[in-house]
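*Asks:* Take any residue in the sequence shown, note its place counting from 1, add 3, and you have its number in our numbering.
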Amino acid sequence: MALDFYHLDPDAVMKATERAGFQPTGEFLQLNSYENRVFRIKLEDRSTVVAKFYRPGRWSREQILEEHSFLKELNEEDVSVNLPLELNIQLPQNQLPTKSQPQSSLMDFENIFVAYFPLFQGRQVTELLDPDWTRVGRLMAQVHNIGERKESKYRLSFDVNHPNGWPALDELSKWIDPTV
4 MALDFYHLDP
14 DAVMKATERA
24 GFQPTGEFLQ
34 LNSYENRVFR
44 IKLEDRSTVV
54 AKFYRPGRWS
64 REQILEEHSF
74 LKELNEEDVS
84 VNLPLELNIQ
94 LPQNQLPTKS
104 QPQSSLMDFE
114 NIFVAYFPLF
124 QGRQVTELLD
134 PDWTRVGRLM
144 AQVHNIGERK
154 ESKYRLSFDV
164 NHPNGWPALD
174 ELSKWIDPTV
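(1) For K156, count neighbouring C-beta atoms within 10 Å of its own C-beta (all shown protein chains included) and say buried if the count is 16 or more, exposed if not.
(2) Taking the CB atoms as reference points, tell me whether E89 and S108 lie closer together than 9 Å.
(3) Between H10, A19, D14, Y9, which has its C-alpha nearest E113's C-alpha?
(4) In this structure, how does DSSP classify Y119 when only helix, strand and coil are distinguished?
(5) Less than 9 Å separating the beta-carbons of F8 and F42?
(6) Q66 lies in the alpha helix (DSSP H); which residues open and close that run?
(7) For P13, count neighbouring Cβ atoms within 10 angstroms of its own Cβ and tell me buried if that reaches 16, exposed if not.
(8) With 16 as the cutoff for other CB atoms within 10 Å, does Q110 come out buried or exposed?
(9) Of all the beta strand (DSSP E) runs that stay within the bounds of the region 28-69, which reach a length of 3 or more residues?
(10) Which residues bound the beta strand (DSSP E) around D111?
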(Lines of atoms letter the chains of each structure in order from A and count residues from 1; the text may use other names and numbers.)
(Lines give C-alpha, C1' and ligand atoms only; values in the text may rest on other atoms or scores of the structure.)
Protein backbone atom coordinates (compact mmCIF):
# COMPACT_ATOMS: atom_id res chain seq x y z
CA MET A 1 0.00 0.00 0.00
CA ALA A 2 1.39 3.43 -0.97
CA LEU A 3 2.17 5.99 1.67
CA ASP A 4 -0.67 8.51 1.94
CA PHE A 5 0.80 12.00 1.59
CA TYR A 6 -2.29 13.59 3.10
CA HIS A 7 -2.07 11.50 6.25
CA LEU A 8 1.65 11.19 6.96
CA ASP A 9 1.90 9.62 10.37
CA PRO A 10 4.74 9.82 12.90
CA ASP A 11 5.95 6.34 11.99
CA ALA A 12 6.40 7.23 8.30
CA VAL A 13 8.12 10.53 9.15
CA MET A 14 10.57 8.73 11.49
CA LYS A 15 11.24 5.91 8.99
CA ALA A 16 11.98 8.42 6.22
CA THR A 17 14.29 10.36 8.54
CA GLU A 18 16.20 7.20 9.48
CA ARG A 19 16.46 6.17 5.83
CA ALA A 20 17.92 9.62 5.08
CA GLY A 21 20.77 8.76 7.46
CA PHE A 22 19.61 10.64 10.56
CA GLN A 23 18.88 9.31 14.06
CA PRO A 24 15.61 10.90 15.18
CA THR A 25 14.57 10.92 18.84
CA GLY A 26 10.90 10.57 17.89
CA GLU A 27 10.18 14.17 18.87
CA PHE A 28 8.80 16.22 15.99
CA LEU A 29 6.44 19.04 15.21
CA GLN A 30 4.44 19.55 12.03
CA LEU A 31 4.98 23.05 10.60
CA ASN A 32 2.66 25.16 8.50
CA SER A 33 2.99 24.70 4.76
CA TYR A 34 0.52 25.48 2.01
CA GLU A 35 1.82 23.05 -0.57
CA ASN A 36 3.89 20.36 1.12
CA ARG A 37 4.18 18.56 4.47
CA VAL A 38 6.95 19.97 6.64
CA PHE A 39 8.21 18.64 9.97
CA ARG A 40 10.72 19.88 12.54
CA ILE A 41 12.54 16.77 13.81
CA LYS A 42 14.79 16.46 16.86
CA LEU A 43 17.85 14.21 16.40
CA GLU A 44 19.81 12.09 18.89
CA ASP A 45 22.85 14.42 18.60
CA ARG A 46 20.59 17.24 19.91
CA SER A 47 20.44 18.98 16.55
CA THR A 48 17.24 19.59 14.64
CA VAL A 49 16.40 19.15 10.96
CA VAL A 50 13.41 20.17 8.93
CA ALA A 51 11.96 17.52 6.62
CA LYS A 52 10.05 18.66 3.55
CA PHE A 53 7.78 16.03 1.98
CA TYR A 54 6.87 17.29 -1.49
CA ARG A 55 3.29 16.92 -2.71
CA PRO A 56 3.27 13.99 -5.20
CA GLY A 57 2.69 14.98 -8.81
CA ARG A 58 3.39 18.67 -8.16
CA TRP A 59 7.15 18.69 -8.87
CA SER A 60 9.42 16.27 -10.70
CA ARG A 61 12.74 15.08 -9.28
CA GLU A 62 14.52 17.22 -11.89
CA GLN A 63 12.58 20.34 -10.94
CA ILE A 64 13.33 19.94 -7.24
CA LEU A 65 17.03 19.23 -7.80
CA GLU A 66 17.25 22.22 -10.15
CA GLU A 67 15.78 24.40 -7.39
CA HIS A 68 18.27 22.95 -4.88
CA SER A 69 21.05 23.81 -7.33
CA PHE A 70 19.70 27.35 -7.65
CA LEU A 71 19.74 27.73 -3.86
CA LYS A 72 23.40 26.73 -3.90
CA GLU A 73 24.12 29.33 -6.62
CA LEU A 74 22.38 32.01 -4.55
CA ASN A 75 24.42 31.08 -1.50
CA GLU A 76 27.67 31.27 -3.51
CA GLU A 77 26.68 34.83 -4.52
CA ASP A 78 26.22 35.89 -0.86
CA VAL A 79 22.43 35.62 -0.88
CA SER A 80 21.87 33.90 2.43
CA VAL A 81 19.55 30.94 1.90
CA ASN A 82 18.96 27.73 3.79
CA LEU A 83 20.56 24.95 1.73
CA PRO A 84 19.19 21.40 1.66
CA LEU A 85 21.40 18.83 3.36
CA GLU A 86 23.24 16.18 1.37
CA LEU A 87 21.73 12.87 2.48
CA ASN A 88 23.42 9.63 3.41
CA ILE A 89 20.51 7.48 2.26
CA GLN A 90 20.16 4.09 3.92
CA LEU A 91 18.68 1.60 1.47
CA PRO A 92 15.97 -0.81 2.62
CA GLN A 93 17.32 -4.31 3.44
CA ASN A 94 15.76 -5.85 0.32
CA GLN A 95 17.21 -3.21 -2.06
CA LEU A 96 20.69 -3.60 -3.51
CA PRO A 97 22.81 -0.49 -4.12
CA THR A 98 23.39 0.58 -7.70
CA LYS A 99 26.93 1.00 -9.08
CA SER A 100 27.00 4.68 -8.29
CA GLN A 101 24.78 5.84 -5.46
CA PRO A 102 25.51 9.57 -5.64
CA GLN A 103 24.85 11.72 -2.63
CA SER A 104 21.80 13.83 -3.17
CA SER A 105 19.74 16.44 -1.37
CA LEU A 106 16.58 14.56 -2.34
CA MET A 107 15.24 11.15 -1.40
CA ASP A 108 12.33 9.17 -2.76
CA PHE A 109 10.51 7.65 0.22
CA GLU A 110 7.63 5.42 -0.88
CA ASN A 111 6.94 7.59 -3.95
CA ILE A 112 7.15 10.87 -2.05
CA PHE A 113 10.17 13.13 -2.53
CA VAL A 114 11.75 14.30 0.73
CA ALA A 115 14.48 16.86 1.41
CA TYR A 116 16.05 17.79 4.73
CA PHE A 117 17.24 21.22 5.77
CA PRO A 118 19.04 22.52 8.83
CA LEU A 119 16.72 24.34 11.22
CA PHE A 120 16.85 28.03 10.44
CA GLN A 121 15.30 30.42 12.92
CA GLY A 122 13.84 33.42 11.17
CA ARG A 123 11.69 36.19 12.40
CA GLN A 124 8.51 37.71 11.16
CA VAL A 125 8.82 41.41 10.43
CA THR A 126 5.88 43.28 11.89
CA GLU A 127 6.11 46.24 9.53
CA LEU A 128 8.31 47.12 6.60
CA LEU A 129 9.51 50.70 6.50
CA ASP A 130 10.72 52.52 3.36
CA PRO A 131 14.40 51.49 3.78
CA ASP A 132 13.25 47.86 4.24
CA TRP A 133 11.31 47.94 0.96
CA THR A 134 14.40 49.21 -0.81
CA ARG A 135 16.47 46.36 0.66
CA VAL A 136 13.84 43.79 -0.30
CA GLY A 137 13.67 45.19 -3.84
CA ARG A 138 17.45 45.01 -4.23
CA LEU A 139 17.50 41.46 -2.90
CA MET A 140 14.75 40.38 -5.32
CA ALA A 141 16.64 41.99 -8.21
CA GLN A 142 19.81 40.13 -7.17
CA VAL A 143 17.93 36.82 -7.01
CA HIS A 144 16.41 37.41 -10.46
CA ASN A 145 19.78 38.42 -11.94
CA ILE A 146 21.44 35.27 -10.60
CA GLY A 147 18.56 33.12 -11.86
CA GLU A 148 18.75 34.66 -15.32
CA ARG A 149 22.39 33.64 -15.84
CA LYS A 150 21.45 30.19 -17.05
CA GLU A 151 18.31 28.74 -18.51
CA SER A 152 16.25 26.51 -16.25
CA LYS A 153 15.55 23.26 -18.05
CA TYR A 154 12.82 22.06 -15.74
CA ARG A 155 11.25 25.10 -14.05
CA LEU A 156 7.67 25.72 -15.07
CA SER A 157 7.14 29.08 -16.69
CA PHE A 158 4.33 31.40 -15.76
CA ASP A 159 3.61 34.11 -18.30
CA VAL A 160 0.65 35.61 -20.13
CA ASN A 161 0.33 32.41 -22.19
CA HIS A 162 -0.29 30.40 -19.01
CA PRO A 163 -4.03 29.80 -18.35
CA ASN A 164 -3.79 32.06 -15.27
CA GLY A 165 -1.40 34.56 -16.87
CA TRP A 166 -3.71 37.43 -17.80
CA PRO A 167 -5.97 37.08 -14.74
CA ALA A 168 -2.87 37.19 -12.51
CA LEU A 169 -1.58 40.31 -14.30
CA ASP A 170 -5.01 41.92 -14.00
CA GLU A 171 -5.01 41.21 -10.25
CA LEU A 172 -1.47 42.55 -9.84
CA SER A 173 -2.37 45.74 -11.70
CA LYS A 174 -4.86 46.52 -8.91
CA TRP A 175 -1.90 46.74 -6.51
CA ILE A 176 1.04 47.74 -8.68
CA ASP A 177 1.04 50.53 -11.23
CA PRO A 178 2.60 48.97 -14.38
CA THR A 179 3.55 52.41 -15.74
CA VAL A 180 5.94 53.18 -12.86
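The beta-carbon is built from N, C-alpha and C at its ideal position, and this holds for glycine as well.
Please read these numbers as outputs of a predicted model, since none were measured by experiment.
*Replies:* Let me lay it out:
(1) exposed
(2) yes
(3) A19
(4) strand
(5) no
(6) 64-79
(7) exposed
(8) Before going further, note that residue 110 is Met rather than Gln in the sequence given. Label assigned to M110: buried.
(9) 40-46, 51-56
(10) 110-112
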